[in-house]
Amino acid sequence: MRWLPMCVLAVVSVTVRGDELRTGGDYGPGVVVQISTTGVSFRVPPGWRALYPPTGGETILLRAEQGQGRGIFTCALGVESAQLQEEMAAEKWVAEGVTLAPAGAVREGSGRLRADYRGPEGTVGRGLGIVPGGGRAALAVLAGPAAEARRLEAALTAIADAVEFGDAPEAAELRSLEARLRGSRLHSTRLRTSDDYAETRHIVYDLCRDGAFSLLATIEASAPGKDGLGGVKLEPRTTDEAQGRWRLIERLGRRPTLMFTSAEGVIAYQPLVVNGGEILLDGRPTTLEASQECQ
Numbered sequence: 002m003r004w005l006p007m008c009v010l011a012v013v014s015v016t017v018r019g020d021e022l023r024t025g026g027d028y029g030p031g032v033v034v035q036i037s038t039t040g041v042s043f044r045v046p047p048g049w050r051a052l053y054p055p056t057g058g059e060t061i062l063l064r065a066e067q068g069q070g071r072g073i074f075t076c077a078l079g080v081e082s083a084q085l086q087e088e089m090a091a092e093k094w095v096a097e098g099v100t101l102a103p104a105g106a107v108r109e110g111s112g113r114l115r116a117d118y119r120g121p122e123g124t125v126g127r128g129l130g131i132v133p134g135g136g137r138a139a140l141a142v143l144a145g146p147a148a149e150a151r152r153l154e155a156a157l158t159a160i161a162d163a164v165e166f167g168d169a170p171e172a173a174e175l176r177s178l179e180a181r182l183r184g185s186r187l188h189s190t191r192l193r194t195s196d197d198y199a200e201t202r203h204i205v206y207d208l209c210r211d212g213a214f215s216l217l218a219t220i221e222a223s224a225p226g227k228d229g230l231g232g233v234k235l236e237p238r239t240t241d242e243a244q245g246r247w248r249l250i251e252r253l254g255r256r257p258t259l260m261f262t263s264a265e266g267v268i269a270y271q272p273l274v275v276n277g278g279e280i281l282l283d284g285r286p287t288t289l290e291a292s293q294e295c296q
């Protein structure tokens with residue numbers, strides 16, 4: 002996406018046994034859906050169904066059995082309250098043709114985050130986020146006609162009251178990888194060529210140990226000689242610069258992802274693949290070395 006709840010939440014160390022999340026899974030009211038990779042489980046609220054698309058992905062779709070209610074449930078590792086607030090303050094897709102825009106600031110209280118949204122043709126949305134600590138988070142967003150707002154609130158509360166956080170098998174691996182990245186420089190290169198033009202784009206990320214980052218992107222371009230004329234090589238030029246905060250997260254059904262939040266509050270996500278000595282950042286071959294900018 003361009004990837005997030007007024008009783009006191011009880012956090013437990015043992016997750017409720019339920020139906021394991023599977024691609025193409027369809028879960029009826031009252032079913033406990035178990036997401037083992039993140040150690041999260043939630044109960045489908047009364048009058049609703051949950052569907053995990055055949056293609057997988059980072060969201061579980063929610064659909065009211067009566068009325069026009071639609072929504073999503075998702076969870077992630079490596080996300081703290083500040084990151085979830087930023088996520089919830091962005092637009093939210095909840096159904097085909099229904100994208101919600103924020104309507105006011107995200108509110109915090111009793112260990113939960115709440116947000117209101119507006120959608121097309123009078124649609125209203127409600128969002129509820131839970132961050133129990135330890136880098137885990139869950140988010141539910143529901144939408145429907147304004148006349149169904151109370152039903153949306155009731156369903157959200159039912160979801161939040163039944164969410165449980167247990168052991169997250171992938172959390173230790175994620176934190177180990179994040180520790181490896183702290184104090185490092187990631188450098189990727191993208192080459193574009195044609196018969197009469199060549200362009201090389203260099204992107205450098207410095208990932209500081211305190212969670213700060215800086216980005217510098219430059220382009221070198223050249224054109225070969227042609228028809229007796231000499232070639233041209235342009236001076237390197239800077240195309241992008243940014244500073245802010247970085248964090249390594251892992252969303253439902255996705256690989257580890259670098260989350261960059263600029264000083265202006267803009268969020269960007271770069272999927273990260275590390276396989277031995279091979280590193281791909283957003284699909285680009287990338288080198289990893291010690292950063293000299295932020296030790």
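Each residue of the sequence shown is one higher than the last, beginning at 2 in the working numbering. Even for Gly, the Cβ is constructed at its ideal location relative to N, Cα and C.
Identify, in the order they occur along the chain, each residue of the same chain with its Cβ nearer than 6 Å to the Cβ of Arg-255, setting aside the five sequence neighbours on each side.
Glu-59
Give the straight-line distance between the Cα atoms of Gly-105 and Gly-128, rounded to the nearest whole angstrom.
12 Å
Can Leu-114 and Ile-131 be called in contact, C-beta distance under 9 Å?
yes
Do you know how far the Cα of Trp-247 is from the Cα of Cys-295?
13 Å
Given Arg-193 as reference, the closest of Arg-181, Ile-220, Pro-170 and Arg-183 once Cα atoms are compared
Ile-220
Which partner residues does Gly-128 have in the DSSP bridge list?
Ala-116 and Val-142
On a Cα-Cα basis, can you pick out the residue from His-188, Ser-223 and Pro-272 that is closest to Glu-200?
Ser-223
Glu-122 to Pro-170 span [Cα, whole Å]
42 Å
What residue ranges within the segment 157-199 form continuous beta strand (DSSP E) runs of no fewer than 3 residues, ordered along the chain?
185-195
What residues are listed by DSSP as bridge partners for Cys-76?
Ala-139
Simplified DSSP state of Ser-111, which is helix, strand or coil
coil
For Glu-87, collect the residues of the same chain with a Cβ closer than 8 Å to its Cβ; drop the 5 residues on either side in sequence, then sort them by chain order.
Thr-262, Gly-266 and Ile-268
Just reading off the alpha helix (DSSP H) that Leu-85 is part of, what are its end residues?
82-89
So within the segment 219-259, which uninterrupted beta strand (DSSP E) runs reach at least 3 residues, ignoring any that extend past its ends?
238-252
Cα-Cα separation, Arg-176 to Gln-67:
42 Å
Is it the case that the Cβ atoms of Leu-235 and Leu-249 are separated by a distance below 9 Å?
no
Given Gln-244 as reference, the closest of Leu-289, Val-80 and Asp-207 once Cα atoms are compared
Asp-207
By Cβ distance, which residues of its chain are closer than 6 Å to Glu-290, with the 5 residues on each side in sequence left out?
Arg-186
Test item: CB-CB of Leu-63 and Ile-73 under 9 Å:
yes
May I have the straight-line CA-CA distance separating Asp-162 from Trp-94, to the nearest angstrom?
23 Å
Distance between Arg-202 and Val-233 (C-alpha atoms, nearest Å)
17 Å
Give a yes or no on whether the C-beta atoms belonging to Val-41 and Gly-29 are separated by under 9 Å.
no
From Gly-19 to Phe-43, what distance separates their C-alpha atoms?
9 Å
Round the Cβ separation of Gly-79 and Gly-136 to the nearest angstrom and send it over; I've been treating them as touching at under 8 Å.
5 Å
Gly-123 by DSSP, collapsed to three states: which one?
helix
If you drop the 5 nearest sequence neighbours on each side, which residues of the same chain put their C-beta closer than 6 Å to that of Val-125?
Ala-147 and Ala-150
Residues in its own chain within less than 6 Å of Ala-116 by CB, not counting five upstream and five downstream?
Met-89, Val-107 and Gly-128
Rounded distance between the beta-carbons of Arg-210 and Arg-183, thought under 8 Å
4 Å
Could you tell me if Glu-174 is buried or exposed, where buried requires 16 or more neighbouring beta carbons within 10 angstroms of its beta carbon?
exposed
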